[in-house]
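Just so you know, we're using this note's numbering here: the sequence shown kicks off at 3 and counts up by one.
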Amino acid sequence: MSEKDDHKPYVIRRIKKIKKGGHHGGSWKIAYADFVTAMMAFFLLMWLLSLANKYQLDGLAEYFKKPLKEAFTHSSNAKNKDKDKDKNKEKEKGEHKGQGKETALDKPIKPEEKKHNEMLKQDALVKKPNDPTELAEQKKQEELKKMNDMQAMKKELEKNLQSDPKISQFKNQLNFVVTADGLRIELHDLKDKPMFSTGKTDFQKYSSEIVTWLSHQLNAYPNRLLIIGHTDAAQYQGDDYSNWELSVDRANATRRELIKTGMGRNKILRIVGVGDTDLLNKNDGLDPKNRRIEIIVLTDDAMKKMQAQ
(Lines of atoms letter the chains of each structure in order from A and count residues from 1; the text may use other names and numbers.)
(Lines give C-alpha, C1' and ligand atoms only; values in the text may rest on other atoms or scores of the structure.)
Protein backbone atom coordinates (compact mmCIF):
# COMPACT_ATOMS: atom_id res chain seq x y z
CA MET A 1 0.00 0.00 0.00
CA SER A 2 1.32 3.45 -0.94
CA GLU A 3 1.63 6.50 1.27
CA LYS A 4 -1.10 8.19 -0.75
CA ASP A 5 -3.58 5.57 0.14
CA ASP A 6 -2.88 5.92 3.83
CA HIS A 7 -4.20 9.52 3.93
CA LYS A 8 -7.50 8.73 2.09
CA PRO A 9 -10.60 9.69 4.28
CA TYR A 10 -13.08 7.02 5.38
CA VAL A 11 -16.82 7.57 4.57
CA ILE A 12 -19.36 6.00 6.96
CA ARG A 13 -22.94 5.62 5.68
CA ARG A 14 -25.77 5.43 8.19
CA ILE A 15 -29.14 4.18 6.98
CA LYS A 16 -32.21 5.53 8.84
CA LYS A 17 -34.94 2.93 9.06
CA ILE A 18 -38.55 4.24 9.02
CA LYS A 19 -41.10 2.10 10.83
CA LYS A 20 -44.44 1.89 9.11
CA GLY A 21 -47.80 2.14 10.95
CA GLY A 22 -46.72 4.66 13.65
CA HIS A 23 -48.93 7.21 15.43
CA HIS A 24 -47.80 10.06 13.16
CA GLY A 25 -47.36 12.45 16.12
CA GLY A 26 -49.71 13.62 18.96
CA SER A 27 -51.46 16.57 17.39
CA TRP A 28 -54.74 14.66 17.11
CA LYS A 29 -54.90 14.30 20.91
CA ILE A 30 -54.91 18.06 21.35
CA ALA A 31 -57.72 18.40 18.82
CA TYR A 32 -59.73 15.68 20.56
CA ALA A 33 -59.24 17.30 23.97
CA ASP A 34 -60.47 20.64 22.58
CA PHE A 35 -63.53 18.90 21.11
CA VAL A 36 -64.39 17.17 24.44
CA THR A 37 -63.95 20.45 26.32
CA ALA A 38 -66.23 22.24 23.88
CA MET A 39 -68.90 19.53 24.24
CA MET A 40 -68.74 19.72 28.03
CA ALA A 41 -69.14 23.49 27.86
CA PHE A 42 -72.08 23.06 25.48
CA PHE A 43 -73.91 20.58 27.71
CA LEU A 44 -73.21 22.75 30.77
CA LEU A 45 -74.77 25.69 28.93
CA MET A 46 -77.80 23.58 28.01
CA TRP A 47 -78.20 22.49 31.64
CA LEU A 48 -78.03 26.07 32.91
CA LEU A 49 -80.61 27.18 30.33
CA SER A 50 -82.95 24.40 31.43
CA LEU A 51 -82.87 25.78 34.99
CA ALA A 52 -83.72 29.34 33.91
CA ASN A 53 -87.32 30.53 34.16
CA LYS A 54 -89.31 32.25 31.42
CA TYR A 55 -88.31 35.77 32.45
CA GLN A 56 -84.62 34.95 32.60
CA LEU A 57 -84.77 33.36 29.16
CA ASP A 58 -86.55 36.42 27.76
CA GLY A 59 -83.86 38.63 29.26
CA LEU A 60 -81.09 36.56 27.67
CA ALA A 61 -82.83 36.65 24.32
CA GLU A 62 -83.26 40.42 24.56
CA TYR A 63 -79.60 40.83 25.48
CA PHE A 64 -78.33 38.92 22.44
CA LYS A 65 -80.66 40.80 20.10
CA LYS A 66 -78.83 44.09 20.79
CA PRO A 67 -75.20 45.17 20.35
CA LEU A 68 -73.18 45.09 23.56
CA LYS A 69 -72.85 48.86 23.83
CA GLU A 70 -76.58 49.42 23.33
CA ALA A 71 -77.44 46.79 25.92
CA PHE A 72 -75.35 48.51 28.60
CA THR A 73 -76.80 51.91 27.64
CA HIS A 74 -80.36 50.54 27.80
CA SER A 75 -79.75 48.96 31.19
CA SER A 76 -78.32 52.18 32.60
CA ASN A 77 -81.22 54.24 31.24
CA ALA A 78 -83.73 51.80 32.70
CA LYS A 79 -82.17 52.06 36.14
CA ASN A 80 -82.21 55.85 35.96
CA LYS A 81 -85.86 55.81 34.90
CA ASP A 82 -86.76 53.58 37.84
CA LYS A 83 -84.99 55.95 40.21
CA ASP A 84 -86.81 58.93 38.71
CA LYS A 85 -90.15 57.13 39.07
CA ASP A 86 -89.48 56.41 42.73
CA LYS A 87 -88.53 60.04 43.35
CA ASN A 88 -91.67 61.27 41.58
CA LYS A 89 -93.84 58.92 43.64
CA GLU A 90 -92.33 60.17 46.87
CA LYS A 91 -92.74 63.75 45.71
CA GLU A 92 -96.37 63.21 44.74
CA LYS A 93 -97.07 61.48 48.03
CA GLY A 94 -95.60 64.40 49.93
CA GLU A 95 -97.59 66.88 47.89
CA HIS A 96 -100.83 65.00 48.54
CA LYS A 97 -100.18 64.95 52.25
CA GLY A 98 -99.28 68.64 52.23
CA GLN A 99 -102.38 69.65 50.31
CA GLY A 100 -104.66 67.42 52.37
CA LYS A 101 -106.01 65.56 49.32
CA GLU A 102 -107.31 62.01 49.71
CA THR A 103 -105.19 59.37 47.95
CA ALA A 104 -105.73 55.65 47.44
CA LEU A 105 -103.58 55.02 50.52
CA ASP A 106 -105.54 57.51 52.62
CA LYS A 107 -109.00 56.28 51.64
CA PRO A 108 -110.94 54.62 54.50
CA ILE A 109 -111.35 50.86 54.17
CA LYS A 110 -114.91 49.70 53.77
CA PRO A 111 -116.26 47.28 56.44
CA GLU A 112 -116.76 44.45 53.92
CA GLU A 113 -113.22 44.93 52.58
CA LYS A 114 -111.81 44.91 56.10
CA LYS A 115 -113.68 41.69 56.89
CA HIS A 116 -112.45 40.12 53.66
CA ASN A 117 -108.85 41.08 54.45
CA GLU A 118 -109.12 39.63 57.94
CA MET A 119 -110.42 36.35 56.51
CA LEU A 120 -107.49 36.22 54.09
CA LYS A 121 -105.06 36.80 56.95
CA GLN A 122 -106.62 34.02 58.97
CA ASP A 123 -106.40 31.64 56.03
CA ALA A 124 -102.75 32.59 55.50
CA LEU A 125 -101.81 31.81 59.10
CA VAL A 126 -99.98 28.53 59.50
CA LYS A 127 -101.86 26.43 62.02
CA LYS A 128 -99.95 24.40 64.54
CA PRO A 129 -100.78 20.71 63.94
CA ASN A 130 -99.89 19.80 67.53
CA ASP A 131 -102.10 22.40 69.19
CA PRO A 132 -104.21 20.46 71.74
CA THR A 133 -107.13 22.88 71.44
CA GLU A 134 -107.19 22.60 67.67
CA LEU A 135 -106.88 18.80 67.76
CA ALA A 136 -109.72 18.56 70.27
CA GLU A 137 -111.91 20.81 68.13
CA GLN A 138 -111.07 18.82 65.01
CA LYS A 139 -111.91 15.56 66.78
CA LYS A 140 -115.17 17.05 68.02
CA GLN A 141 -116.13 18.07 64.48
CA GLU A 142 -115.32 14.59 63.16
CA GLU A 143 -117.44 12.95 65.86
CA LEU A 144 -120.28 15.34 65.11
CA LYS A 145 -120.11 14.49 61.41
CA LYS A 146 -120.22 10.74 62.18
CA MET A 147 -123.22 11.21 64.44
CA ASN A 148 -124.96 13.23 61.72
CA ASP A 149 -124.25 10.47 59.20
CA MET A 150 -125.74 7.87 61.53
CA GLN A 151 -128.78 10.08 62.19
CA ALA A 152 -129.30 10.38 58.44
CA MET A 153 -129.04 6.59 58.09
CA LYS A 154 -131.57 6.12 60.88
CA LYS A 155 -134.07 8.48 59.26
CA GLU A 156 -133.68 6.79 55.91
CA LEU A 157 -134.23 3.30 57.35
CA GLU A 158 -137.29 4.47 59.32
CA LYS A 159 -138.68 6.11 56.17
CA ASN A 160 -138.13 2.94 54.14
CA LEU A 161 -139.78 0.91 56.90
CA GLN A 162 -142.88 3.09 56.86
CA SER A 163 -143.13 2.94 53.06
CA ASP A 164 -142.97 -0.88 52.97
CA PRO A 165 -146.47 -2.21 53.84
CA LYS A 166 -145.21 -5.77 54.23
CA ILE A 167 -142.63 -4.89 56.90
CA SER A 168 -144.19 -1.80 58.48
CA GLN A 169 -146.65 -4.04 60.35
CA PHE A 170 -143.67 -5.28 62.41
CA LYS A 171 -142.37 -1.81 63.28
CA ASN A 172 -143.12 -2.39 66.99
CA GLN A 173 -140.44 -5.06 67.01
CA LEU A 174 -137.80 -2.87 65.31
CA ASN A 175 -135.98 -0.06 67.06
CA PHE A 176 -133.19 2.19 65.70
CA VAL A 177 -130.80 3.89 68.16
CA VAL A 178 -127.74 6.03 67.33
CA THR A 179 -124.77 5.27 69.64
CA ALA A 180 -121.10 6.25 69.78
CA ASP A 181 -120.19 3.03 67.94
CA GLY A 182 -122.78 3.44 65.19
CA LEU A 183 -126.45 2.70 64.52
CA ARG A 184 -127.91 -0.04 66.71
CA ILE A 185 -130.88 -1.93 65.20
CA GLU A 186 -132.87 -3.88 67.80
CA LEU A 187 -135.07 -6.77 66.69
CA HIS A 188 -136.93 -8.10 69.76
CA ASP A 189 -139.80 -10.40 70.74
CA LEU A 190 -143.27 -9.32 71.70
CA LYS A 191 -145.69 -11.12 73.96
CA ASP A 192 -147.08 -14.14 72.09
CA LYS A 193 -144.94 -13.17 69.06
CA PRO A 194 -141.42 -14.61 69.44
CA MET A 195 -138.80 -14.46 66.67
CA PHE A 196 -137.54 -17.98 67.46
CA SER A 197 -139.09 -21.13 68.80
CA THR A 198 -138.62 -21.48 72.55
CA GLY A 199 -135.00 -22.38 73.32
CA LYS A 200 -134.17 -22.82 69.61
CA THR A 201 -132.50 -20.91 66.75
CA ASP A 202 -135.03 -21.34 63.94
CA PHE A 203 -136.60 -18.07 62.72
CA GLN A 204 -140.35 -17.72 62.52
CA LYS A 205 -141.64 -16.86 59.04
CA TYR A 206 -142.37 -13.22 59.85
CA SER A 207 -139.00 -12.65 61.59
CA SER A 208 -137.22 -14.17 58.61
CA GLU A 209 -138.95 -11.58 56.40
CA ILE A 210 -137.71 -8.78 58.68
CA VAL A 211 -134.11 -10.05 58.48
CA THR A 212 -134.41 -10.28 54.68
CA TRP A 213 -135.59 -6.67 54.53
CA LEU A 214 -132.68 -5.59 56.77
CA SER A 215 -130.24 -7.44 54.54
CA HIS A 216 -131.37 -5.52 51.47
CA GLN A 217 -131.37 -2.18 53.32
CA LEU A 218 -127.93 -2.53 54.94
CA ASN A 219 -126.30 -3.65 51.70
CA ALA A 220 -126.70 -0.05 50.50
CA TYR A 221 -124.13 1.14 53.10
CA PRO A 222 -120.41 0.33 53.18
CA ASN A 223 -120.29 -0.05 56.99
CA ARG A 224 -119.51 -3.41 58.53
CA LEU A 225 -121.76 -5.07 61.11
CA LEU A 226 -121.62 -6.49 64.61
CA ILE A 227 -124.37 -8.97 65.62
CA ILE A 228 -125.18 -9.48 69.32
CA GLY A 229 -127.52 -12.15 70.65
CA HIS A 230 -129.52 -11.63 73.90
CA THR A 231 -131.80 -13.89 75.96
CA ASP A 232 -134.18 -13.30 78.85
CA ALA A 233 -133.45 -14.40 82.42
CA ALA A 234 -135.19 -17.79 82.13
CA GLN A 235 -132.61 -20.53 82.76
CA TYR A 236 -132.16 -23.99 81.27
CA GLN A 237 -132.63 -26.95 83.58
CA GLY A 238 -129.46 -28.79 82.58
CA ASP A 239 -125.85 -27.67 82.62
CA ASP A 240 -124.97 -28.80 79.09
CA TYR A 241 -126.65 -25.84 77.37
CA SER A 242 -127.25 -22.34 78.76
CA ASN A 243 -128.31 -18.87 77.76
CA TRP A 244 -124.71 -18.18 76.71
CA GLU A 245 -124.78 -20.85 74.04
CA LEU A 246 -128.31 -19.89 72.98
CA SER A 247 -127.44 -16.20 72.52
CA VAL A 248 -124.37 -17.04 70.41
CA ASP A 249 -126.32 -19.57 68.31
CA ARG A 250 -129.11 -17.07 67.65
CA ALA A 251 -126.58 -14.39 66.64
CA ASN A 252 -124.98 -16.90 64.27
CA ALA A 253 -128.40 -17.88 62.90
CA THR A 254 -129.01 -14.19 62.14
CA ARG A 255 -125.66 -14.02 60.34
CA ARG A 256 -126.56 -17.05 58.20
CA GLU A 257 -129.98 -15.60 57.38
CA LEU A 258 -128.46 -12.27 56.31
CA ILE A 259 -125.94 -13.98 54.04
CA LYS A 260 -128.62 -16.30 52.68
CA THR A 261 -130.68 -13.30 51.58
CA GLY A 262 -127.85 -11.54 49.74
CA MET A 263 -125.46 -9.93 52.22
CA GLY A 264 -121.71 -10.33 51.61
CA ARG A 265 -119.85 -12.59 54.05
CA ASN A 266 -117.11 -10.02 54.68
CA LYS A 267 -119.64 -7.36 55.67
CA ILE A 268 -120.24 -9.02 59.05
CA LEU A 269 -117.25 -8.31 61.26
CA ARG A 270 -118.16 -10.23 64.41
CA ILE A 271 -120.95 -12.07 66.25
CA VAL A 272 -121.30 -11.99 70.04
CA GLY A 273 -123.54 -13.75 72.55
CA VAL A 274 -124.07 -12.11 75.96
CA GLY A 275 -126.79 -14.39 77.38
CA ASP A 276 -128.96 -12.60 79.95
CA THR A 277 -126.21 -10.23 81.20
CA ASP A 278 -127.53 -7.13 79.37
CA LEU A 279 -131.29 -7.08 79.91
CA LEU A 280 -133.33 -4.41 78.13
CA ASN A 281 -135.86 -4.42 80.99
CA LYS A 282 -133.78 -4.81 84.11
CA ASN A 283 -136.85 -4.71 86.36
CA ASP A 284 -138.40 -7.74 84.66
CA GLY A 285 -135.93 -10.37 83.52
CA LEU A 286 -138.68 -12.39 81.81
CA ASP A 287 -139.91 -9.49 79.65
CA PRO A 288 -140.11 -10.74 76.02
CA LYS A 289 -138.21 -7.61 74.85
CA ASN A 290 -135.11 -8.99 76.60
CA ARG A 291 -135.03 -11.71 73.95
CA ARG A 292 -133.55 -9.76 71.06
CA ILE A 293 -130.97 -9.55 68.30
CA GLU A 294 -128.93 -6.38 67.92
CA ILE A 295 -127.32 -5.48 64.60
CA ILE A 296 -124.87 -2.59 65.00
CA VAL A 297 -123.84 -0.67 61.87
CA LEU A 298 -120.29 0.26 62.92
CA THR A 299 -118.53 3.56 62.34
CA ASP A 300 -114.99 3.44 60.92
CA ASP A 301 -113.43 4.19 64.34
CA ALA A 302 -115.48 1.49 66.06
CA MET A 303 -114.55 -1.02 63.37
CA LYS A 304 -110.81 -0.23 63.65
CA LYS A 305 -110.97 -0.40 67.43
CA MET A 306 -112.68 -3.78 67.28
CA GLN A 307 -110.19 -5.14 64.75
CA ALA A 308 -107.30 -4.04 66.96
CA GLN A 309 -108.60 -5.99 69.96
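For each residue, glycine too, the CB sits at the ideal point set by N, CA and C.
For V299, the three-state secondary structure derived from DSSP is strand. Collapsing the DSSP output to three states places V274 in a strand.
Inclusion of L163 and K173 in the CB contact set at 7 Å is warranted, their separation being smaller than that value. Annotation: F205 is outside any beta strand (DSSP E) and is labelled neither H nor E by DSSP.
As DSSP reads the structure, I230 sits in a beta bridge with V274 and E296.
L51 and Y65 have their C-alpha atoms spaced approximately 15 Å apart. The beta-bridge partner set that DSSP reports for F198 consists of F205.
D60 and L53 have their C-alpha atoms spaced approximately 13 Å apart. DSSP places N221 in the coil class of the three-state scheme, outside both helix and strand. Its chain contains Q237, Y238 and G277 as the residues whose beta carbon lies nearer than 8 Å to that of S244, once the 5 sequence neighbours on both sides are disregarded; these appear in chain order. For G28, there is no enclosing beta strand (DSSP E), as DSSP gives it neither H nor E. In the DSSP assignment, F66 falls within the unbroken alpha helix (DSSP H) covering K56 to K67. When C-alpha distances from V180 are compared across A35, S199 and K148, the shortest belongs to K148. The region 279–293 and the region 259–270 do not touch, with fewer than three beta-carbon pairs separated by less than 8 Å.
When secondary structure is reduced to three states using DSSP, T181 falls in the strand class. Pairing E296 with I230 gives a Cβ-Cβ distance under 7 Å.
Residue pairing for E188: DSSP places it in a beta bridge opposite N177 and E296.
Sequence-distant partners of K306 (beyond 5 residues in either direction) whose C-beta falls short of 7 Å from its own C-beta are missing from its chain.
Contact annotation: Q175 and L192 have beta-carbon atoms nearer than 7 Å. Ranked by Cα distance from G184, the first of Q58, D302, K142 and S29 is D302. Between A43 and K67, the alpha-carbon positions lie close to 22 Å from each other. Annotation for K141: the continuous alpha helix (DSSP H) segment containing it runs P134 to S165. Separation of the CB atoms of V213 and L260 is rounded to 6 Å, and the pair is thereby assigned contact status at 8 Å. Around the beta carbon of W215, 16 or more other beta carbons lie within 10 angstroms, which makes this residue buried. Taking 7 Å as the cut-off, the beta carbon of L220 is found no closer than this to the beta carbon of R272. Taken through DSSP and simplified to helix, strand or coil, T263 comes out as coil. Beyond the five residues adjoining it in sequence on each side, A304 comes within less than 7 Å, by CB distance, of D183 and G184 in the same chain, given in chain order. The Cβ atoms of H232 and S249 sit closer than 7 Å to each other.
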